[in-house]
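Per our numbering, the sequence shown starts with residue 580, numbered consecutively.
Comments concern the structure below.
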Amino acid sequence: MADPDFFVAVELTGTGAHPASWRRDDSRAEDLFTGRYWLDVIVAAENAGVDAVFLPDSFGLQPGGPGATRGRLDAVAIAARAAAATRGIGLVPQIPVTHTEPFHLAKAIQSLDFATFGRAGWEVTVSEGAEQARAFGRKQAQDAAALWHEADEAIEVVTRLWDSWEDDAEIRDLPTGRFIDRGKLHYIDFAGDNFAVKGPSITPRSPQGQAIVAVRADDVTDAAVAVRRADLIRIGAIDLDAAQARRTQLRAELTAAGRDPDRVRILLDLDIHLADSVDAATDEVRTLDGWADQLVASAPSGLRHIGTAETLREALAAVHAAEAADGVVLRPLAVPAAVHRLPSFGRTTLSTGTLRTRLGLPRPASRYATSTEGTPS
580 MADPDFFVAV
590 ELTGTGAHPA
600 SWRRDDSRAE
610 DLFTGRYWLD
620 VIVAAENAGV
630 DAVFLPDSFG
640 LQPGGPGATR
650 GRLDAVAIAA
660 RAAAATRGIG
670 LVPQIPVTHT
680 EPFHLAKAIQ
690 SLDFATFGRA
700 GWEVTVSEGA
710 EQARAFGRKQ
720 AQDAAALWHE
730 ADEAIEVVTR
740 LWDSWEDDAE
750 IRDLPTGRFI
760 DRGKLHYIDF
770 AGDNFAVKGP
780 SITPRSPQGQ
790 AIVAVRADDV
800 TDAAVAVRRA
810 DLIRIGAIDL
820 DAAQARRTQL
830 RAELTAAGRD
840 PDRVRILLDL
850 DIHLADSVDA
860 ATDEVRTLDG
870 WADQLVASAP
880 SGLRHIGTAE
890 TLREALAAVH
900 AAEAADGVVL
910 RPLAVPAAVH
920 RLPSFGRTTL
930 STGTLRTRLG
940 LPRPASRYAT
950 STEGTPS
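What follows is the structure in structure tokens.
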């Protein structure tokens, strides 16, 4: 699969998306909470020519009890650690917005965009349930509609903060002793149902201007936010026909919302397990399922590919040919086993350009660049 227009990402879920993946001899579960583990798997993905990695995160423990991998490192911290060890791969941490201040979130992603020279993204998630609400103790659990309404406002605040410094706000003028041009910093003056943020950001506009925003479209509430806000929309499907129909529907909704559907990429989730032969891969997944508690066994709920590097290449070509998606997010059932067997995607030396460039998306101008309103004194 070497088509430059087909985007390939990998989601790195601990030792793997399968809850029993940590029991494999090659899982490296003993290294899971070290920087070395994450650098090794991210660099392996980059060496295969993968365009980006998604780094899941949450304020809650993974489900499944003591038989499943539990515990997390902070996804933004992992991405920051990987910034200096990589050259071209995009780094897209999940950051839940429900218990996170948009100002802090905006600053974290801007800083990551600077650290990676423009390879940062943000996957927007929400924090469901009473357990995560109790962990913070600031508000009660919310229903899906309230969670995603809050997320919609949070994205608006974050993207306004990313624009609040014009690109040329830093002048570093020695004769006058002015480091910044105050006329090129802007208050965002956002007031909504969940946030009231004046701004501006304390971080200059980052290399991409606007880092890439990803949102899943699993149901009506999150899909509505994805259509309004996302550069990348993630979908799941039971087969390629369903994926193609979902992509067509989302593109129509983007058009209805006044957005150009060719400037939004729709990515299809694909669970994978790779081994040296199809039979070996099948046997290994059977073993994983046998280890897993029946309550958390990895019953497929979407597309899954069990095979080899070559059969994976064929599967991705089929996704592309069917126009089922603009790219894929590979979800390894066992991370180390998969990332070290990935086929070459024809981009063994990734461009050192920005993630936006790789996606074929333009760098947006600051929305405040032609306005003098809301300028800090």
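Glycine included, C-beta positions come from ideal geometry on N, C-alpha and C.
When the Cα of residue i is compared with those of the options, which residue comes out closest?
i              : options                           : result
isoleucine 781 : Trp870, Phe774, Ala685 and Ala809 : Ala685
glutamate 729  : Gly650, Asn773, Gln673 and Leu652 : Asn773
arginine 942   : Asp858, Gln789, Leu853 and Phe638 : Gln789
isoleucine 814 : Gln828, Asp797, Ala803 and Val589 : Asp797
histidine 678  : Val632, Leu726 and Asp653         : Leu726
threonine 594  : Gly906, Tyr947, Asp848 and His852 : His852
threonine 534  : Asp818, Arg844 and Ala917         : The question about residue 534 has no answer, for the chain in this structure spans 580 to 956.
glycine 939    : Gly646, Arg739 and Leu811         : Leu811
arginine 615   : Leu652, Arg602, Ala596 and Ala627 : Leu652
serine 637     : Pro598, Glu609, Gly628 and Glu702 : Glu702
alanine 709    : Gln721, Arg698, Ala699 and Gly700 : Gln721
glutamate 625  : Thr665, Gly644, Thr613 and Glu590 : Thr665
threonine 704  : Ala802, Lys777 and Trp601         : Ala802
proline 840    : Thr592, Arg830, Ala596 and Ile668 : Arg830
glutamate 832  : Val799, Asp858 and Ile767         : Val799
Which whole-angstrom value is the C-beta distance of residue i and residue j, which I expect to be below 8 Å?
i             : j             : result
serine 945    : arginine 784  : 6 Å
alanine 816   : leucine 921   : Actually they are not in contact, since the Cβ atoms of alanine 816 and leucine 921 sit about 22 Å apart, beyond 8 Å.
valine 804    : aspartate 731 : 5 Å
serine 743    : proline 786   : Going by Cβ atoms, the distance from serine 743 to proline 786 rounds to 16 Å, so no, they are not a contact pair.
valine 629    : alanine 588   : 7 Å
threonine 850 : arginine 892  : It is worth fixing the name first, because residue 850 is aspartate in this sequence and not threonine. Not confirmed; about 16 Å, so no contact.
aspartate 855 : threonine 887 : 7 Å
What residue does the beta strand (DSSP E) around residue i start on, and which one ends it?
i              : result
isoleucine 674 : 669-675
proline 911    : 906-911
alanine 588    : 586-590
alanine 654    : From DSSP, alanine 654 is part of no beta strand (DSSP E) but of the alpha helix (DSSP H) over 654-662.
leucine 634    : 631-634
Could you tell me the boundaries of the alpha helix (DSSP H) in which residue i lies?
i           : result
glycine 614 : 614-626
leucine 938 : 934-938
lysine 918  : Looking at the sequence itself, residue 918 is valine, so the reference to lysine does not match. Its alpha helix (DSSP H) spans residues 914-918.
For residue i, decide whether its Cβ has a neighbour in chain D, counting only Cβ atoms nearer than 8 Å.
i          : result
valine 705 : Looking at the structure shown, chain D is missing, and only one protein chain is on hand.
* **Any 3 or more C-beta pairs closer than 8 Å across the stretch 821-834 and the stretch 860-867** => Below 8 Å, too few C-beta pairs join the stretch 821-834 and the stretch 860-867 to call them touching: fewer than three.
* Whole beta strand (DSSP E) elements within the stretch 758-831, 3-residue minimum -> Entirely contained in the stretch 758-831, the beta strand (DSSP E) runs reaching 3 residues are, in chain order, 791-795 and 811-814.
* Asked: On the three-pair Cβ rule with 8 Å, is the stretch 671-679 touching the stretch 651-659?
  -> Contact between the stretch 671-679 and the stretch 651-659 is present: three or more C-beta pairs spanning the two stretches fall below 8 Å.
* Report yes or no: do the stretch 746-762 and the stretch 679-693 share at least 3 C-beta pairs separated by less than 8 Å? => No: the two stretches stay apart, fewer than three of their Cβ pairs being nearer than 8 Å.
* alpha helix (DSSP H) runs contained entirely in the stretch 682-750, provided each spans 4 or more residues -> Segments of the alpha helix (DSSP H) lying fully in the stretch 682-750: 709-715 and 723-742.
* To do: Could you name each continuous alpha helix (DSSP H) segment of 4 residues or more that falls completely within the stretch 835-902, going from the start of the chain to the end?
  => Listed in chain order, the alpha helix (DSSP H) elements of length 4 or more contained wholly in the stretch 835-902 are 857-870 and 888-900.
* Is the stretch 895-908 close to the stretch 823-841, with three or more CB pairs under 8 Å? -> Under the Cβ criterion (8 Å, minimum of three pairs), the stretch 895-908 counts as touching the stretch 823-841.
* Quick check: the stretch 908-925 against the stretch 709-728, are there 3 or more CB pairs under 8 Å? -> The stretch 908-925, when compared against the stretch 709-728, does not touch it at the 8 Å Cβ threshold.
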